[in-house]
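Report on one structure; see the data block that follows.
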Amino acid sequence: MEHREVMSINLARLLKEGGTVRASGVVREAFLVGEERFPLEGEATWQVSVSSVGGDEYWLSGEVKGVALMECRRCLKPTPTPIHAYFQHMLRYEQGLEAVAFHEEAEDEYYAFGKPDLDLLPFLTEAFVTEMPYTVLCQEGCKGLCPVCGADRNLVDCGHEEEGFHPFTALKNLLPEL
Ligand SMILES: [Zn+2]
Ligand SMILES: [Zn+2]
Numbered sequence: 001m002e003h004r005e006v007m008s009i010n011l012a013r014l015l016k017e018g019g020t021v022r023a024s025g026v027v028r029e030a031f032l033v034g035e036e037r038f039p040l041e042g043e044a045t046w047q048v049s050v051s052s053v054g055g056d057e058y059w060l061s062g063e064v065k066g067v068a069l070m071e072c073r074r075c076l077k078p079t080p081t082p083i084h085a086y087f088q089h090m091l092r093y094e095q096g097l098e099a100v101a102f103h104e105e106a107e108d109e110y111y112a113f114g115k116p117d118l119d120l121l122p123f124l125t126e127a128f129v130t131e132m133p134y135t136v137l138c139q140e141g142c143k144g145l146c147p148v149c150g151a152d153r154n155l156v157d158c159g160h161e162e163e164g165f166h167p168f169t170a171l172k173n174l175l176p177e178l
């Protein structure tokens with residue numbers, strides 16, 4: 001399979017002749033959502049197919065797979081977290097449309113596009129980031145950072161008051177850190 005760094009698919013032939021087109025590639029370093037950066041370990045791979053389903057409608061389906069580096073919620077260590085996400089969307093061709101636009105009418109949801117080169121990165125990013133868990137632990141029973149001196153208690157015994165591992169500590173860690 002040919003891996004490209006271009007994250008788009010050309011639908012010119014599909015628009016003319018129908019059928020199915022496929023593309024695959026990689027995403028390096030990170031997914032970006034606005035200012036937020038979701039770093040990757042290695043590269044994420046993706047594959048996508050778009051099929052004509054009649055009229056101006058096309059069915060986009062794909063998958064993206066990679067390892068997100070997420071901060072452990074207790075000690076903040078970057079923790080490799082495997083992600084495998086699938087996505088499917090209805091597309092509708094509207095000639096001349098400049099940017100891809102999401103439409104929602106009653107139960108009908110689709111993305112309108114007007115150029116044969118369809119940018120896939122927004123679809124890949126949405127699928128990948130949505131699949132990420134809210135929080136991770138670097139290991140079962142991570143001891144976290146010392147609240148007094150900030151030392152990583154998995155690595156050093158700084159000697160500060162041992163909080164101990166009891167059910168209330170575990171409960172406290174279930175609550176989102178707002
Ligand atoms: Zn940890
Ligand atoms: Zn300490």
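Anchor point for the sequence shown: position 126 equals 126 in full-length UniProt numbering, and the numbering is continuous, going up by one each time.
The beta-carbon is built from N, C-alpha and C at its ideal position, and this holds for glycine as well.
Since this is a predicted model, take the numbers as computed values, not measurements.
Counting the other Cβ atoms within 10 Å of the Cβ of Y86 gives fewer than 16, which makes it exposed.
Not one heavy atom of ligand 1 falls within 6 Å of the beta-carbon of R92. Counting along the chain, V129 sits inside the alpha helix (DSSP H) bounded by residues L121 to E131.
Around the CB of S52, 16 or more other CB atoms lie within 10 Å, so the residue is classed as buried. Only residues of its own chain outside the window of five on either side were considered, and among them V26 and K65 have a CB closer than 6 Å to the CB of T45, listed in chain order.
T79 is classed as buried because its beta carbon has at least 16 other beta carbons within 10 Å across all chains shown. In terms of Cβ geometry, I9 and L118 form a close pair [threshold 7 Å].
Here DSSP, grouped into helix, strand and coil, assigns L137 to coil.
If you draw a 10 Å sphere on the C-beta of C142, you find 16 or more other C-beta atoms in it, and that means buried. No residue range can be given for K77, since it is assigned to no beta strand (DSSP E) and is classified by DSSP as neither H nor E. By the Cβ-count criterion, A68 is buried, with 16 or more other Cβ atoms from all chains shown falling within 10 Å of its own Cβ. In this structure, the straight-line span from the alpha carbon of A23 to that of V100 is close to 19 Å. No heavy atom of ligand 2 is found nearer than 6 Å to the CB of C142.
DSSP places L15 within a helical segment (H, G or I) once states are collapsed to three. Going by beta carbons, V50 and Y58 fall inside the 7 Å limit. The Cβ atoms of V6 and L14 lie no closer than 7 Å to each other. Relative to ligand 1, R74 has its C-beta within less than 6 Å of a heavy atom. Judged by DSSP secondary structure, H103 falls within the beta strand (DSSP E) whose first and last residues are A101 to E105. DSSP places C149 outside both helix and strand once states are collapsed to three, so it counts as coil.
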